[in-house]
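Enquirer: Chains as they are written, first to last, in our numbering: chain A, 414 to 724; chain B, 13 to 360; chain C, 821 to 1159.
Where a beta carbon is used, it is the ideal one built from N, C-alpha and C, also for glycine.
Source: prediction; values computed, not measured.
The structure that follows is given in the form of structure tokens.
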Amino acid sequence: MEAIKSFFTTMYHNKQAFIGMLILFFFLLQAVIGPLIVPLNMGTDFLNRYQGPSLQHPLGTDYVGNDLFQQIVHGTRSVLFIGLLASLFTVILGFALGALAGFAGGIVDKIISMVIQILISVPIFPIQLIIAVIFPVRNVLMLAVVLAVLSWAWLARNVRATILSLKEREFVLVCRIMGLPKRHIIFKEILPNVMSYLASTFVLNTNSAIATSVGLMLLGMAPYEPTHWSIMLNNAAAQANSGMNTAGIFNMMVPTAAFVLLQMSLIFFANGLDEALNPRLRASYKVRKKKNQNTAVGMNQEGGVSHANGQ
Amino acid sequence: MSDPGNSRDPIVTLHDLEMNFYKSRGLLKRPLAMNALHHINLTIHKGEIIVVVGESGCGKTTLANVIAGLLKPTGGTYEFKGHEIRSMSREQKNDYHNSIQMIQQDSYAALNPMRTMIKSLGDPMLLKKFADKSNLYEKVREILGTVDLTPADNFINKYPHQLSGGQRQRILIARALSMNPELILADEPVSMIDVSLRVSILNLLARLNQERNIAVLYITHDLATARYVGKSGRIVVMYLGQVVETGNVQGVLANPRHPYLQALLSAVPIPDPSLSRKRKKLTLTGADLPSISNMPSGCRFHTRCRYCKEICKEEPPKPVSRGSSMVACHRVDELPEFELFTGEKKHA
Amino acid sequence: MPMDNNALAQTQSEEPDSIVQIRDLCVDFFLPNGVLRAVNHVNLDLPAGKITGLVGESGSGKTTLTSAVLRTVSNPGKITNGEILFEGKDIVSLPEKEVRQYKWRDASMVFQAAQNSLNPSMTIQEQFIETYLAHKKDTPTKQIIAQADKLLRAVRLDSERILKSYPHEMSGGMKQRVMIAFAQLLEPKILFLDEPTTALDVITQDYIFQILDALHEAKQMTMVLSTHDIAVVANICDYMAVMYGGKIMEMGDIYEMFEQPKHPYTRMLINAVPSLIGEMKERTAIPGTPPDLMKEIKGCVFADRCPLCYEKCRQCEPETRTVSKGHTVACHRAGKEVR
């Protein structure tokens, strides 16, 4: 409870992260209950094509006269779902393999490190394309697996390196001197120090997973969802002749803005997450709060404490 | 080099201990051996204070790591209470892990940044059954009281970064004490603390030594604090992985015999302007330590020694007894008497 | 005998031979959770041609003070008050262009972490030449190398080898000596040394101080040595200034400071350091912790840790007064015995 409270306190004080969190929350809300509230009407209404924002169409209409706001709302779910799912798979894979390499060492470490090296040095996107061709992607789950299976290498590499350096840190050495059991050292001492990294990586990975999924979708390697933002963007761009048709520019801008907003909020949120999960970084806000409330008491206490200990 | 007059129980006995590190030089070349400790003979008895002095790179921290069990010696024997370390029973191993504790230099790195003090201190006590859930807080408070962190409730739920360097150092001592140790290895425990607070930590260590009969191995490069902590204890002077001089602190510092120790002594700044300007100047032929991967032949100190002769370059000296100390120098009897100051001798 | 500001200024003007005069200087750091006053209304004269030791615990503001004199206070720090007179001209209000001329040419600095101050991808010779040309254009390379050679010899280095080496090929002590030579490249009038030997071994430290002492003898250069190690100051300095909580507590001749320290903090500091010689008496640490400079402190900054503290110390801030020639102290109870 205390931890959750201090998490939100820190988030609240970090304005950037707070804004990111709010936007992200809004997107999540949109993904979960948006389609229930906003109806989707995908017909053809050429009379109303390329309309600007109005009360009836808050974000205007596209090249066949469909409401863009409706499409954005309905597209949120698949965009976020693919991103989060792929990122989750990536983090699980990367963390598991990185931790295994870091803790086990020896031949296990050598093999995993070699695989990591190969994955890092080859371009991933073409391989993802090939995989998508060989194993046709039929649903979102498959897409997430395709996205995750090749992109865990950096994460695993960093997790492994972090664990290797933590293993040599003094506070772990002390546990070894005391002869504390291995499970304590791994789960209580080392892994908590990796968690804040994992959390912010998870959020940032969502970002790159969304970007890659867009690529795959545009090339037709993933199931076609007309309301997915990337498909919207693709269609709008095709119809607007890449901007030659000036009326279509606004149509292009709407999904683009949605992407930018989402990715920005993810990055902001990830930055704040790092701070919120690290007791050292989140400290300063607590101090300020206390100081504002009762400076005198705080000062006396501190003085008393330090006085006693120095003698 | 055990003190013959000392019949107390030995906790740690090192005999001809060797420690080599190997550095890989690629696939085809043989790994490079670097000798960090060479022929170390040392016995630590119950309740004793031993100070280990030397420059960085002399192997003093490696020695502490070997004694703590973090490094496995590559040669010689290491006995804990008479049992060879490699062939101890489960029970003896447990006793070993409890009996020897370490206090590190960097108190911030020595505490898990994600864990509060009650967890850092309490978990080991629970795991090693020094406390159970019902009396954990009570025991932690008691131990914090021992190291003068009172009132304990102000520290129990703090994270390491919320404490000052001096307070963290006391936490480290508290953590070591919680295991009921017989020997505390203190590796430069005050070098990162403000000068104004250093002696309070040193006084605490001395008090624990006296009140609880805990042996202390104090590792430092600072001869002034070595003298302060050591008082009636023993001193071990190390140079490039070897012991060059050992004996009781007062005797060795008042009458240093090895040229290295003499140079070290004359380099220590003295907090008294009039005395420190009468100091004799440093007398080494080179200020820099030779590389550990390219160890000098013969006496390892010969490259910097102004008394160096042919024999020093060829043959490693054997430690010989002079007065109350043991000295490893070929020319120990030929050296001129050491004076810290020019003019009249102001030595206490 | 409290003195007003006028009288203070008078006593200070009696000493004409100060190269740097710091007047009422404040340096603030604007942090996300408040303003930290690292240097708090400091008045200090640095005697010309002498070595002054600036002693203080970490966080006492000594590094900030030196960087203020060098005009290298960087964000979020800012000089918010006062002036720094270097040979009569105010450094604080100096335009950026002239600051560049002032730095290194008039005043230079040797940092604590020498390895970070040298460019790892250039040889020492290249770095010497580059720095020299940045300040004095159109100097023939030969002349610069000759100068560098002379300086490196002065710090007892094998200059021919060193000039062609990269920083990673040298030990910490060698790098620090290169930095000392480097700092003198443009023959500055004042040299600041910030914890120059903290990361080094005793023997190397002593060697470096011998070199500094010899350099000082040869050129009568003004040096300011900031350190937390009072023993080092006793070894080499002519004057000592004690800093605490962003303020100068006491300043005076080194012998007088050690024999008759007036400020309780100075006394306790001297008393807290074990010595290699003399009787083995129990030393006592200064109880408590340094003040939180984010908070407004009423009265004396040292009051919380001072054994002589009484009501007046908590209520009004002690003014700096002169106890003897060149010896100033800021304490209500200066000279009282510490028990």
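Report the residue from B:260, B:229, B:126 whose alpha carbon sits nearest the alpha carbon of residue 608 (chain A).
Expert: Residue 608 (chain A) has its Cα closest to that of B:126, out of B:260, B:229, B:126.
Enquirer: Where does residue 870 (chain C) land, buried or exposed, given buried means 16+ other C-beta within 10 angstroms?
Expert: So residue 870 (chain C) counts as buried.
Enquirer: Return no unless some Cβ of chain A is closer than 7 Å to the Cβ of residue 254 (chain B).
Expert: It does not; no Cβ of chain A falls within 7 Å.
Enquirer: Quick one: using the 10 Å Cβ neighbour count with 16 as the cut-off for buried, is residue 484 (chain A) buried or exposed?
Expert: Buried, because 16 or more other Cβ atoms sit within 10 Å of the Cβ of residue 484 (chain A).
Enquirer: Would you check if the distance between the CB atom of residue 153 (chain B) and the CB atom of residue 143 (chain B) is smaller than 7 Å?
Expert: In this structure, residue 143 (chain B) does not lie closer than 7 Å to residue 153 (chain B) by Cβ.
Enquirer: For a quick check, are the C-beta atoms of residue 113 (chain B) and residue 122 (chain B) less than 7 Å apart?
Expert: Their beta carbons are not under 7 Å apart, which means residue 113 (chain B) does not touch residue 122 (chain B) by this criterion.
Enquirer: At least one CB of chain B closer than 7 Å to the CB of residue 1147 (chain C): is that the case?
Expert: Residue 1147 (chain C) does not count as touching chain B.
Enquirer: In whole angstroms, what is the alpha-carbon distance linking residue 1037 (chain C) and residue 855 (chain C)?
Expert: So the alpha carbons of these two residues sit roughly 42 Å apart.
Enquirer: Buried or exposed: where does residue 205 (chain B) fall if 16 or more other Cβ atoms within 10 Å of its Cβ makes it buried?
Expert: Looking at its Cβ environment, which holds 16 or more other Cβ atoms inside 10 Å, residue 205 (chain B) is buried.
Enquirer: Taking C-beta to C-beta, are residue 191 (chain B) and residue 110 (chain B) nearer than 7 Å?
Expert: Their beta carbons are under 7 Å apart, which means residue 191 (chain B) touches residue 110 (chain B) by this criterion.
Enquirer: Roughly how many whole angstroms lie between the Cα atoms of residue 513 (chain A) and residue 672 (chain A)?
Expert: The alpha-carbon atoms of residue 513 (chain A) and residue 672 (chain A) are separated by roughly 35 Å.
Enquirer: Going by Cα to Cα distance, which pick from A:491, A:614, A:685 is closest to residue 508 (chain A)?
Expert: The shortest C-alpha separation from residue 508 (chain A) is found at A:614.
Enquirer: Under a CB-based cut-off of 7 Å, is residue 57 (chain B) close to chain C?
Expert: No, because no Cβ of chain C sits closer than 7 Å to the Cβ of residue 57 (chain B).
Enquirer: Look at residue 133 (chain B) and residue 187 (chain B) and say whether their C-beta atoms are less than 7 Å apart.
Expert: Yes.
Enquirer: Throw me the rounded Cβ distance for the residue 849 (chain C) and residue 858 (chain C) pair, which I believe falls under 8 Å.
Expert: Confirmed, about 6 Å.
Enquirer: Can you tell me the Cα-Cα spacing of residue 1099 (chain C) and residue 262 (chain B), whole angstroms?
Expert: When rounded, the distance between both Cα atoms is 11 Å.
Enquirer: Closest to residue 71 (chain B) by C-alpha separation, out of B:49, B:277, B:326, would be which residue?
Expert: Nearest of B:49, B:277, B:326 to residue 71 (chain B), Cα basis: B:49.
Enquirer: Helix, strand or coil for residue 166 (chain B)? Go by DSSP, reduced to three states.
Expert: Note: residue 166 (chain B) maps to helix in three-state DSSP.
Enquirer: In three-state terms, what does DSSP make of residue 916 (chain C)?
Expert: Note: residue 916 (chain C) maps to helix in three-state DSSP.
Enquirer: If we define contact as Cβ-Cβ less than 7 Å, is residue 709 (chain A) a contact residue for chain B?
Expert: Because residue 709 (chain A) carries a pLDDT of 31, less than 50, the predicted location of this residue cannot be relied on, and no value is offered for it.
Enquirer: So what does DSSP say about residue 1006 (chain C), is it helix, strand or coil?
Expert: Coil at residue 1006 (chain C), not helix or strand.
Enquirer: With a Cβ-Cβ cutoff of 7 Å, do residue 1127 (chain C) and residue 1065 (chain C) count as a contact?
Expert: No, the Cβ-Cβ distance between residue 1127 (chain C) and residue 1065 (chain C) is not below 7 Å.
Enquirer: Just how far apart, CA to CA, sit residue 570 (chain A) and residue 515 (chain A)?
Expert: Their backbone Cα atoms lie some 9 Å apart in a straight line.
Enquirer: Using 10 angstroms around the beta-carbon of residue 527 (chain A), count the other beta-carbons present and answer buried if the total reaches 16, otherwise exposed.
Expert: Under this definition residue 527 (chain A) is an exposed residue.
Enquirer: Along chain C, in chain order, which residues have C-beta atoms closer than 7 Å to that of residue 51 (chain B)?
Expert: Per Cβ cutoff of 7 Å: no residues; residue 51 (chain B) is ~23 Å from chain C at best.
Enquirer: Would DSSP call residue 318 (chain B) helix, strand or coil?
Expert: Coil at residue 318 (chain B), not helix or strand.
Enquirer: Which runs of the alpha helix (DSSP H) spanning at least 4 residues fall entirely within the stretch 163-245 of chain B, listed in chain order?
Expert: DSSP runs (the alpha helix (DSSP H)) wholly in the stretch 163-245 of chain B: 165-168, 177-189, 207-224, 235-242.
Enquirer: Which runs of the beta strand (DSSP E) at least 3 residues long sit entirely within the stretch 852-925 of chain C? Give them in chain order.
Expert: Segments of the beta strand (DSSP E) lying fully in the stretch 852-925 of chain C: 854-867, 871-875, 897-906.
Enquirer: Counting only the same chain and skipping the five closest in sequence on each side, list residues whose C-beta sits under 7 Å from that of residue 584 (chain A).
Expert: Around residue 584 (chain A): 602.
Enquirer: Do you know offhand how far residue 898 (chain C)'s Cα is from residue 318 (chain B)'s?
Expert: Looking at the two C-alpha atoms, the distance is approximately 52 Å.
Enquirer: Between residue 216 (chain B) and residue 323 (chain B), what straight-line distance do the alpha-carbon atoms span, to the nearest angstrom?
Expert: Straight-line Cα distance between these residues: approximately 46 Å.
Enquirer: Along the alpha helix (DSSP H) that carries residue 1023 (chain C), what are the first and last residues, could you check?
Expert: Residue 1023 (chain C) -> alpha helix (DSSP H) spans 1022-1039.
Enquirer: Please list the partners that residue 877 (chain C) has in chain B, where partner means a Cβ-to-Cβ separation under 9 Å.
Expert: The answer, in chain order, is 206, 207, 208, 209.
Enquirer: DSSP on residue 555 (chain A), reduced to helix/strand/coil?
Expert: Helix, per DSSP.
Enquirer: Using CA coordinates, which residue listed in A:480, A:440, A:419, A:421 is at the minimum distance from residue 675 (chain A)?
Expert: For residue 675 (chain A), the nearest C-alpha among the options comes from A:440.
Enquirer: From the beta carbon of residue 74 (chain B), is the nearest beta carbon of chain C less than 7 Å away?
Expert: Judged by the 7 Å Cβ criterion, residue 74 (chain B) is not in contact with chain C.
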